[in-house]
Amino acid sequence: MLRSGHAELYPEITDELLVEARRNEEELALARQIGPTSAMLVPLVARGKVTGVFSLITTTSGRHYNAFDLTLAEEVGRRIGLALENARLYREVQQSRDQFDIILQGVADGIIVYIPDNRVLYANEVAAQMSGAASVHELLDQPDEILLTTSPLIDEQGHTLSPEELPHRRVLAGAQEAQATLSVQGTERWVQIISRPVRTQSGAVTMVISIWHDITERMRVEHRKDEFISMTSHELKTPVTSLKGFTHVLQRRLTKQGDEQGLSYLARMDAQLDKLTRLISDLLDISRMQAGKLALRIEAFDLDALLNEIVDNVQATTTSHQLRIEGRTGAQVKGDPDRLGQVFINLLTNAIKYSPAAEHIIIHRFHEGKQVIVSVQDFGIGIDQSHHDRIFERFYQVGPEEKTYPGLGIGLYLAREIVSRHQGRIWVESRKGAGSAFFVALPQMEPKEHTWPADPTKREG
Ligand code: ADP
1 MLRSGHAELY PEITDELLVE ARRNEEELAL ARQIGPTSAM LVPLVARGKV
51 TGVFSLITTT SGRHYNAFDL TLAEEVGRRI GLALENARLY REVQQSRDQF
101 DIILQGVADG IIVYIPDNRV LYANEVAAQM SGAASVHELL DQPDEILLTT
151 SPLIDEQGHT LSPEELPHRR VLAGAQEAQA TLSVQGTERW VQIISRPVRT
201 QSGAVTMVIS IWHDITERMR VEHRKDEFIS MTSHELKTPV TSLKGFTHVL
251 QRRLTKQGDE QGLSYLARMD AQLDKLTRLI SDLLDISRMQ AGKLALRIEA
301 FDLDALLNEI VDNVQATTTS HQLRIEGRTG AQVKGDPDRL GQVFINLLTN
351 AIKYSPAAEH IIIHRFHEGK QVIVSVQDFG IGIDQSHHDR IFERFYQVGP
401 EEKTYPGLGI GLYLAREIVS RHQGRIWVES RKGAGSAFFV ALPQMEPKEH
451 TWPADPTKRE G
């Protein structure tokens, strides 16, 4: 019966039936003592499988089961079977949850799982410690804004994070992935947070998993490296400035003596010293940037005029390339012209450096909505897609063949920092071997913001 899954009905149990069903004499004696009159054997069925059987027996009441009783008993069997199966599944789920929790609690990284209303669905102990929460329960109970007010998070520049800047919020707002390097204010501990979404088949975000990785040690090493860079660049600056001064003295002398050859050697020395000065000042800028001390002198200026001047200056340093400007923005921009100039100089010198076999560099200037866009296009070695984001990182160089070009991998890092401090954006479009175009988008000043004097002919009244 158990195997077939069908219930069995015995309306009348005769003594012959007991004899037939006995397994031994003892069992028969017991059955006779009970004196059954009628019986039903009902399977317990769940998901089409028989998981057990229960029997109903009448004795002294003299009642005889019928087909109706059997149907009823079968239904009861099915319900009991289902209830038992649910209990078993529940126990299994509970067990695997417990196991899963043990594993996640044992991981050295903090793990927080958020659901779309920014609530925490799961967090391990490490995450609670790293985020400054008193316990996992506090993390589970408190909205992230509250936690941010009791344990503010700061970034590398010391800025306090707003709730919208939290990586999980950025993923919930649509980002594919969000990262941040943060510290709980007042602690020496640094964490890198990476948040990624979990999606349904239709693409909707159901959860965001944030991993908190302790990078305190790495940050200490970085800090020591920054201090070293800052110290050496300061130390290098003094002798280079003094060398530069002596070249000027020497230049006057050689001019007086009419020593043409000497002057030409000196000019080359001077050009190399200029390169060295630029490198040193880039290194100093990096240190300032890291310390959040890169000051901008904001003013309204004419972007086209600035670009014309820079292109002329860079053109004067090269005979191998022709620099051509196309279009004009006609725009005033609010920003630091020296710093933005430094960005364009970096892009132009890179364009020349990384296109040794080409002759042209094109500078396009145009509008897009309320933005002005400047692009620097070269026809050189190009950059593979996989490096497009990373080339803006500090000290990143595409390698190994590109490493044969001189440089430290800081120009684009500085460019991105400067542009983003102007609420602008910098990006690259390029393929390996097919040249590169670097774009800088900057917010254009509204006409009413313009600082030039109003046209008196247009004045009303
Ligand atoms: P570097 O001093 O090495 O030129 P940058 O920060 O200016 O440093 O650039 C980072 C890296 O990006 C370079 O090392 C190079 O690999 C790549 N790169 C930058 N500009 C170009 C370009 N115009 N064409 C090809 N590769 C470029």
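1 is the number of the first residue of the sequence shown in UniProt numbering; add one for each residue after it. All residues carry an ideal CB built from backbone N, CA and C; glycine is no exception.
- Message: Using a Cβ-Cβ cutoff of less than 6 Å, which residues in the same chain neighbour Ile-361 once the five nearest sequence positions on both sides are dropped?
- Response: Within the sequence shown, residue 361 is the residue found at index 361, counting from 1. The answer, listed in chain order, is His-321, Leu-323, Ala-351, Asp-378.
- Task: Going by CA-CA distance only, name the one from Ser-375, Val-398, Gly-380, Ile-194 that's closest to Ser-386.
- Result: Locating residue 386 in the sequence shown gives position 386, where the first residue counts as 1. It is Val-398.
- Query: Taking DSSP as the reference, what is the three-state secondary structure of Glu-429?
  - Reply: What you label residue 429 is simply residue 429 of the sequence shown in a count that begins at 1. Residue state, collapsed to three classes: strand.
- Can you tell which of Ile-211, Arg-189, Gly-186, Gln-176 has its C-alpha closest to the C-alpha of Arg-199? Locating residue 199 in the sequence shown gives position 199, counting from the first residue. Comparing Cα-Cα distances from Arg-199 to each of Ile-211, Arg-189, Gly-186, Gln-176, the minimum goes to Gln-176.
- If we call anything under 9 Å between Cβ atoms a contact, is Thr-51 one with Ser-38? Here residue 51 refers to the residue found at position 51 when the sequence shown is read from its first residue. Here residue 38 refers to the residue found at position 38 when the sequence shown is read from its first residue. The answer is no: Cβ separation not under 9 Å.
- Item | Residue of Gly-35, Ser-420, Glu-20 minimising C-alpha distance to Gly-62 | For the purposes of this step, residue 62 is taken as the residue at position 62 of the sequence shown. Measuring from the Cα of Gly-62, the nearest candidate turns out to be Gly-35.
- Task: Ignoring anything shorter than 3 residues or poking outside the stretch 252-302, list the beta strand (DSSP E) runs there in chain order.
- Result: 299-302
- Query: Of the choices Ser-230, Ala-271, Glu-235, Gly-258, whose alpha-carbon is the least far from that of Thr-247?
  - Reply: Position 247 of the sequence shown holds residue 247. For the residues Ser-230, Ala-271, Glu-235, Gly-258, the minimum Cα distance to Thr-247 belongs to Ala-271.
- Query: What separation, rounded to the nearest whole angstrom, lies between the Cα atoms of Trp-212 and Phe-54?
  - Reply: Counted from its first residue, the sequence shown places residue 212 at position 212. Counted from its first residue, the sequence shown places residue 54 at position 54. Near 54 Å, if we compare the C-alpha coordinates of Phe-54 and Trp-212.
- Shortest alpha-carbon distance to Glu-401 belongs to which of Ser-420, Tyr-354, Arg-390? Within the sequence shown, numbered from 1, the residue matching residue 401 stands at position 401. Nearest C-alpha to Glu-401: Tyr-354.
- Please determine if the stretch 417-428 and the stretch 328-343 are in contact, where contact requires at least 3 C-beta pairs separated by less than 8 Å. yes
- Contacting residues, own chain, Cβ-Cβ under 8 Å from Pro-11 (five flanking each side not counted): Counting from one through the sequence shown, the residue named residue 11 turns up at place 11. Excluding sequence neighbours, Pro-11 sits near Ser-38, His-64, Tyr-65, Asn-66.
- Within 10 angstroms of the Cβ of residue 463, are there 16 or more other Cβ atoms? Answer buried if so, exposed if not. With the chain covering only 1 through 461, there is no way to say anything about residue 463.
- ligand 1 heavy atom lying under 8 Å from the CB of Gln-342: Here residue 342 refers to the residue found at position 342 when the sequence shown is read from its first residue. No; taking the cut-off as 8 Å, the Cβ of Gln-342 has no heavy atom of ligand 1 nearer than that.
- Task: Whole angstroms is fine: what's the gap from Gln-142's alpha carbon to Arg-119's?
- Result: Residue mapping note: residue 142 aligns to position 142 of the sequence shown, counting from 1. Residue mapping note: residue 119 aligns to position 119 of the sequence shown, counting from 1. So the two alpha carbons sit approximately 8 Å from each other.
- Beta-carbon separation of Glu-8 and Leu-41 under 9 Å? For the purposes of this step, residue 8 is identified with residue 8 of the sequence shown, where counting begins at 1. For the purposes of this step, residue 41 is identified with residue 41 of the sequence shown, where counting begins at 1. Yes, these two residues count as a Cβ contact at 9 Å.
- Task: Evaluate contact between the stretch 148-159 and the stretch 173-191, counting only Cβ atoms and requiring at least three cross-stretch pairs below 8 Å.
- Result: yes
- Item | Spatial distance of Arg-91 from Lys-432 (CA atoms) | Looking up residue 91 in the sequence shown gives position 91. Looking up residue 432 in the sequence shown gives position 432. So the two alpha carbons sit approximately 56 Å from each other.
- Query: Using a Cβ-Cβ cut-off of 7 Å (strictly less than) and excluding sequence neighbours within five positions of Leu-28, which residues of its own chain qualify?
  - Reply: For the purposes of this step, residue 28 is identified with residue 28 of the sequence shown, where counting begins at 1. The residues are Leu-18, Val-19, Arg-22.
- Same chain only: Cβ atoms within 8 Å of Glu-368, ignoring 5 sequence neighbours per side: Counting from 1 along the sequence shown, the entry for residue 368 is found at position 368. Once the five neighbours on either side are set aside, the close Cβ partners of Glu-368 are Ala-441.
- Does DSSP put Gly-461 in a helix, in a strand, or in coil? Taking the first residue of the sequence shown as position 1, residue 461 is located at position 461. A caution first: Gly-461 carries a pLDDT of 32, below 50, which makes its placement in the model unreliable, though a value can still be read off. Three-state result, Gly-461: coil.
- Item | Beta-carbon proximity list for Ala-127, same chain, < 7 Å, skipping 5 on both sides | Here residue 127 is taken as the residue at index 127 of the sequence shown, counted from 1. These residues qualify, in order along the chain: Gly-110, Ile-111, Ile-112, Leu-139, Trp-212.
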